[in-house]
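One line per chain: the protein sequences are A and B, in this order.
Heads up: the first sequence at position 398 corresponds to 398 in the working numbering, and the numbers run straight through without jumps.
Heads up: the second sequence at position 48 corresponds to 48 in the working numbering, and the numbers run straight through without jumps.
Remarks on the structure that follows.
2 protein chains.
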Amino acid sequence: MSMLAAPMNPLKGKVLVAQGGGPTPVINQSLVGVALEARKFSQVTSIYGAVHGVRGIIQENFVDLTRETSHNLERVADTPSSGLLSTRDKPDEEYCARMFKVMQAHDIRYFFYIGGNDSSDTVRIINNQARAANYELRAIHIPKTIDNDLAENDHCPGFPSAARYVAQAFMGVNLDNRALGGVYIGVIMGRHAGFLTAASSLAQKHSDDGPHLIYMPERAFDTTRFLTDVDRVVAKHGLCTIAVSEGISDASGEAMITKLMQTDERDDHGNVQLSGTGALGDLLSDTIRRELKLKRVRADTFGYLQRCFIGCRSDRDAHEAREVAEKAVQFAMWDNVDGSVVIRRPVLDYSVDYALVPLENVAGKTRHMPDNFINAEGNGVTADFHNYCRPLLGSGVPEAHRLRAPVVPKILA
Amino acid sequence: MSMLAAPMNPLKGKVLVAQGGGPTPVINQSLVGVALEARKFSQVTSIYGAVHGVRGIIQENFVDLTRETSHNLERVADTPSSGLLSTRDKPDEEYCARMFKVMQAHDIRYFFYIGGNDSSDTVRIINNQARAANYELRAIHIPKTIDNDLAENDHCPGFPSAARYVAQAFMGVNLDNRALGGVYIGVIMGRHAGFLTAASSLAQKHSDDGPHLIYMPERAFDTTRFLTDVDRVVAKHGLCTIAVSEGISDASGEAMITKLMQTDERDDHGNVQLSGTGALGDLLSDTIRRELKLKRVRADTFGYLQRCFIGCRSDRDAHEAREVAEKAVQFAMWDNVDGSVVIRRPVLDYSVDYALVPLENVAGKTRHMPDNFINAEGNGVTADFHNYCRPLLGSGVPEAHRLRAPVVPKILA
């Protein structure tokens, strides 16, 4: 690849890229997008990767991505989870001061941080610190989150692949639950936003397919209404398949799961543990079993499988995760500006545009499911959500097929 | 397809096929194998499918598979879970008497039941009843179980696809846990046999890949030794990934999960519920957190995902599931005998043979992991198991790739 002409007076120095927060199936597409795109600019002297996110910067723990083969980079791009490893550290003033010291020592002038809303806030803090310290640094946030909850984005890289996993899982659950009957609850990730839980609805093909009920954190969860819903579906279909977000809360705002918590483990951002425990699913199962006197009630907590399962991703998601990173590099190199790359969708089915917005517009903010995506009863999604989510799953989504053999007339009965 | 020449004095009448027990990703390959192969024989007047297994026979609930298109049959064959739906009913004398009445009324002379060890026992009972009632009936058991625990079989249809799901899930878990660290526990199905849990070992590629510890029901589970194991792995790798069978029991034979059970739900075979609850994973997490003072400990219970996820199956498994059914029909039609079809492996890597063995050899029996598949410490598997299991996963198994970029020398530290 020949060197591109640099803009006038380009900021010369090294590129640093890092990955923060929870992994996604396509986060390495963005990493490799930075590594390969940045090599096209002559003002870039080297491309470093920080190991374990911002913590790797503090610890001066870098690898030299300019000494990686493009072949292996492409193979890593196709591998889920953060190739540079990750962190949940949230830098404060002192943390940032130490980062700058390291960045200055290594002549780092371009910082690309791939992450969610916590990570975009980290980029914002670093950027402000750099400005205050009069250190010339381009800092760009590259979006990723399976929660799909970044402000200003139509959707976020990582979400479509996780959504596809959830949809395929529920296609299987529909088949399984139809075979043996009963009530099935699938607990899906999503602390504040219900997008991923809502994606379970894309498993519906036949009119009696589940999930029959979907509960998202955007609506207060009411146990009595929940039991009424389940009772009604069981009466109608003889079974019931339910998708529940791990983040569902009651009307007072208390998360249903904290009512059960035996540990008060919190990460550095003050978040309590929602995943990695079957507690919420088991609580809901027990409630149904006890109150509705139903026998076969099962709950699966999808946990880490939905964000790192290898072999289930959206090709569209992979391409976009690559593109947001390419655009991030292009904005920094050609326009010499800071910000957060966002995905917009000018046409419904389907194309995207990329833009750069101020970091403040995205940092620390949470986007929720819009009202027109949730049904009036608060226990399902609308056709608007289907239309929004369907194209994201990409090509080759598997489909379930049923026998259509005619019923044989009874002889004895 | 032209009609094949029937043997001398063929038993003329209808074929009945049914599916029992827990679904698998390839159980419909066997259903379709029966439906398509049986149509080649002139002594077959029609092919019926019983809806919900033996219960459908009692209820005279049949569909006419001779009035299905071969196109739709092939699409159903590629769909996970039981296309004819399933049951956990276990027929007794009276149940069987009612079945014969229905079978006689419909002139059913060939009965193929696709299922695990409970289902093979059902076939045995029906066969004995038919003989006692002087009703001429060919009854053949077609193997399927993700537990891989049928006697006389090298492996069972359904297991390779579930094993592939478990292996791919752990590949992702390895990547995820490496990115953020901590202890991860994956709870895998398998009441008495550890094959499926052991399949997690196929996720290992790099020497530090997990699962670092694997606990199977064939070895008594000891909490103290478990904690020592985890402590050692964490000291060595800074993290620990664990695969645990849902069926692990202590030295007295009590299942670890019954110590927690709040419900005494049992199915008609007297089995307690092991799946559909996160209880075992949460117990083990809590124990590690409390005793080893570790902070980030997560457990996922793979639950129903591992047996019905759409879009993850072994092509080899699909082919074999088709073949066992074709062979079942051929044994019944050409040889006019009853029995259970079994898979044998004459060469390690890789081909199979099919044989018909007496129903008594398989019915109600459980095959366990042989000793040479389990390591001396009882917390992992051997190379023998790897060699046994690897070819079963089929073609196109995804692979995880790591960055190999060189470390940048530190300037400040």
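Beta carbons: idealized from backbone N, C-alpha and C, even for Gly.
- Close CB contacts of residue 124 of chain A within its chain, under the 6 Å cut and outside five residues either way in sequence, are with 359, 363 (chain order).
- By the Cβ-count criterion, residue 412 of chain B is exposed, with fewer than 16 other Cβ atoms from all chains shown falling within 10 Å of its own Cβ.
- Each residue's CA atom was taken as its position, placing residue 84 of chain B and residue 83 of chain A some 44 Å apart.
- Contact of residue 101 of chain B with chain A is assigned, a C-beta pair being separated by under 8 Å.
- Around residue 223 of chain A, the same chain offers 287 as residues with beta carbons nearer than 7 Å, after the five sequence neighbours per side are excluded.
- For residue 341 of chain A, the pairing in a beta bridge is given by DSSP as A/356.
- Residue pairing by DSSP places residue 14 of chain A opposite A/108 in a beta bridge.
- Its chain contains 138, 331, 356 as the residues whose beta carbon lies nearer than 8 Å to that of residue 337 of chain B, once the 5 sequence neighbours on both sides are disregarded; these appear in chain order.
- Note on geometry: alpha-carbon atoms of residue 109 of chain A and residue 226 of chain B lie some 48 Å from one another.
- Less than 8 Å separates the beta-carbon of residue 41 of chain A from that of residue 333 of chain A.
- By alpha-carbon distance to residue 170 of chain B, the top candidate from B/385, B/207, B/241 is B/241.
- Only exposed fits residue 347 of chain B, as fewer than 16 other CB atoms lie within 10 angstroms of its CB.
- Residue 212 of chain A and residue 237 of chain A do touch by the CB rule: their CB atoms are close to 7 Å apart, below 8 Å.
- By the Cβ rule, the segment 147-159 of chain A does not count as touching the segment 55-70 of chain B, because fewer than three pairs are nearer than 8 Å.
- Residues of the segment 291-313 of chain A with a Cβ closer than 9 Å to any Cβ of chain B, in chain order: 295, 296, 297, 298, 299, 300, 301, 302, 303, 304, 305, 307, 308, 309, 310, 311, 312.
- Across the set A/329, A/15, A/175, the C-alpha of A/175 shows the shortest separation from the C-alpha of residue 26 of chain B.
- Where residue 234 of chain B is concerned, the enclosing alpha helix (DSSP H) starts and stops at 223-237.
- For residue 62 of chain A, the three-state secondary structure derived from DSSP is strand.
- Contact between the segment 190-207 of chain B and the segment 384-394 of chain B is established, with three or more Cβ pairs separated by less than 8 Å.
- CA-CA distance, residue 29 of chain B to residue 308 of chain B, rounds to 14 Å.
- Beta-bridge partners assigned by DSSP to residue 49 of chain A: A/17, A/63.
- Within chain B, the C-beta atoms nearer than 8 Å to that of residue 178 of chain A come from 81, 85, in chain order.
- Proximity of chain B to residue 215 of chain A at the Cβ level (cut-off 9 Å) is not reached, the minimal Cβ distance being about 18 Å.
- In the three-state DSSP reduction, residue 36 of chain B falls in the helix class (H, G or I).
- Using a CB distance cut-off of 8 Å, residue 56 of chain B does not count as an interface residue toward chain A.
- Secondary structure note for residue 178 of chain A: its alpha helix (DSSP H) is the uninterrupted segment 159-180.
- Every beta strand (DSSP E) of 3 residues or more that sits fully in the segment 181-220 of chain A is shown, in chain order, as 182-188, 213-215.
- The DSSP-derived three-state label of residue 135 of chain B is coil.
- Counting along the chain, the unbroken alpha helix (DSSP H) around residue 289 of chain B starts and ends at 279-292.
- In the DSSP assignment, residue 300 of chain B falls within the unbroken beta strand (DSSP E) covering 297-301.
- The Cβ of residue 109 of chain B sits no closer than 8 Å to any Cβ of chain A.
- By DSSP's assignment, residue 240 of chain A forms a beta bridge with A/183.
- CA-to-CA, the gap between residue 203 of chain B and residue 214 of chain B works out to about 12 Å.
- Under a 10 Å Cβ-count criterion, residue 228 of chain A is classified as exposed, with fewer than 16 other Cβ atoms of the shown protein chains found around its own Cβ.
- Collapsing the DSSP output to three states places residue 368 of chain A in coil.
- As a beta-bridge residue in DSSP terms, residue 143 of chain A pairs with A/115.
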